[in-house]
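Colleague:
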Amino acid sequence: MRTPFVAGNWKMNKTVAEARALVSEMTPALRAVKGVEKVLCPPFMALVPVAALLQGTDIGLGAQDLFWEAKGAFTGQVSPGMVAEFCQYAIIGHSERRAYFGETDETVNKKIVAAFSAGLTPIVCIGETLSEYESGRTAEVVSRQIRAGLKALPVNLAPKLVVAYEPVWAIGTGRASTAVDANVVIRDHIRKPLAEMFGVETAQSIRILYGGSVTAANAAEFFGQTDIDGALVGGASLKLDDFVRITQAAVK
Ligand code: PEP
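FYI, in my numbering the residues of the sequence shown are 1 to 252.
(1) Rounded to a whole number of angstroms, what is the C-alpha to C-alpha distance between Ser143 and Pro193?
(2) When the Cα of Leu232 is compared with those of Ile171, Ala73 and Glu25, which residue comes out closest?
(3) Taking C-beta to C-beta, are Leu238 and Asn13 nearer than 9 Å?
(4) Using the C-alpha atoms, what's the distance from Phe86 back to Val48?
(5) For Gly212, which residues from the same chain have a beta carbon less than 7 Å from its beta carbon, with the 5 sequence-adjacent residues on both sides left out?
(6) Would the segment 222-231 count as touching the segment 14-34 if we require 3 or more Cβ pairs under 8 Å?
(7) Determine contact between the segment 197-206 and the segment 110-129, defined as no fewer than three beta-carbon pairs at a distance below 8 Å.
(8) What span of residues does the beta strand (DSSP E) with Asn9 cover, start to end?
(9) Please confirm whether Val216 and Ile246 have their CB atoms less than 9 Å apart.
(10) Where does Glu18 fall in DSSP's three states?
(11) For the 8 Å Cβ check, are there 3 or more pairs between the segment 67-79 and the segment 30-40?
(12) Please check the pair Glu132 and Val124, which I expect to be a contact at CB under 8 Å, by giving their CB distance rounded to whole angstroms.
(13) Buried or exposed: where does Leu240 fall if 16 or more other Cβ atoms within 10 Å of its Cβ makes it buried?
(14) Just checking: is the beta-carbon of Thr215 within a distance shorter than 9 Å of some beta-carbon in chain E?
(15) Which runs of the beta strand (DSSP E) at least 3 residues long sit entirely within the segment 92-140? Give them in chain order.
(16) For Val244, is the classification buried or exposed, using 16 other Cβ atoms within 10 angstroms of its Cβ as the cut-off for buried?
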């Protein structure tokens with residue numbers, strides 16, 4: 001059985017002081033939720049202080065991105081090793097990075113390999129844009145993102161992956177996919193290519209999340225689907241009660 005997984009992507013929100021305050025408030029309630037892998041992904045600046053607050057808890061910490069090189073003249077970048085000093089996870093290929101910062105399937109692939117080399121678990125984001133959705137290209141886009149993003153990944157690493165299916169038109173819009181539609185995309189156009197690349201058994205063991213306007217009100221419907229193993233949560237992860245209720249909804 002795949003352990004449910006819920007991650008909060010805080011994006012570019014919360015100063016260090018604000019992040020510390022929210023994490024301190026959230027930790028007791030999140031710790032009480034058992035049987036779910038729970039991860040917070042605050043901005044880079046807050047990773048070190050938040051790591052200290054999470055020490056000794058069962059709540060994981062993730063960066064929102066990383067660079068693939070180990071060190072050197074790459075002004076402004078953060079290496080996998082630097083992230084791994086404090087974090088266990090890294091979000092890779094978020095649609096905002098693809099849309100605004102030139103992320104491609106090729107750079108996603110390099111980052112996934114580099115994240116694994118540093119001992120991190122990558123949370124790999126894929127999903128179609130509104131125009132791709134409206135022109136019926138969802139299947140083609142997500143399966144391409146899977147095949148190119150995970151190209152040449154050693155089979156033994158694949159079970160450790162976490163994939164997040166996030167239709168771009170659903171992110172931050174309040175217009176979530178239906179749970180049934182998201183499940184079809186995940187089962188037929190994400191898990192199936194994963195099975196072709198890594199074998200059926202491995203594909204069945206990979207956690208695949210849904211992301212895009214998940215709320216405390218709609219989370220349970222997503223988690224009730226056969227192939228949805230949790231959620232990557234943006235806006236609602238900044239609200240204490242909502243995020244705790246979403247993690248509670250993920251308990252099997
Ligand atoms: C996200 O940032 O990955 C996301 C899904 O955002 P939201 O939940 O706000 O749609």
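Don't be surprised by glycine CBs; every beta carbon is placed ideally from N, CA and C.
Modeller: Answer, in terms of the structure:
(1) 6 Å
(2) Ile171
(3) yes
(4) Rounded to whole angstroms, Val48 to Phe86 spans 6 Å at the Cα level.
(5) Counting only Cβ-Cβ distances below 7 Å, and skipping sequence neighbours, we find Glu166, Pro167, Ala170, Ile171, Ala176 and Ser177.
(6) Touching, no, given that fewer than three Cβ pairs across the two stretches are closer than 8 Å.
(7) no
(8) Phe5 to Asn9 is the extent of the beta strand (DSSP E) around Asn9.
(9) Note that residue 216 is Ala in the sequence shown, not Val. If you check the CB distance, Ala216 and Ile246 come in under 9 Å.
(10) helix
(11) no
(12) That pair is no contact at about 18 Å.
(13) exposed
(14) No chain E is part of this structure, which consists of one protein chain only.
(15) 121-126
(16) buried
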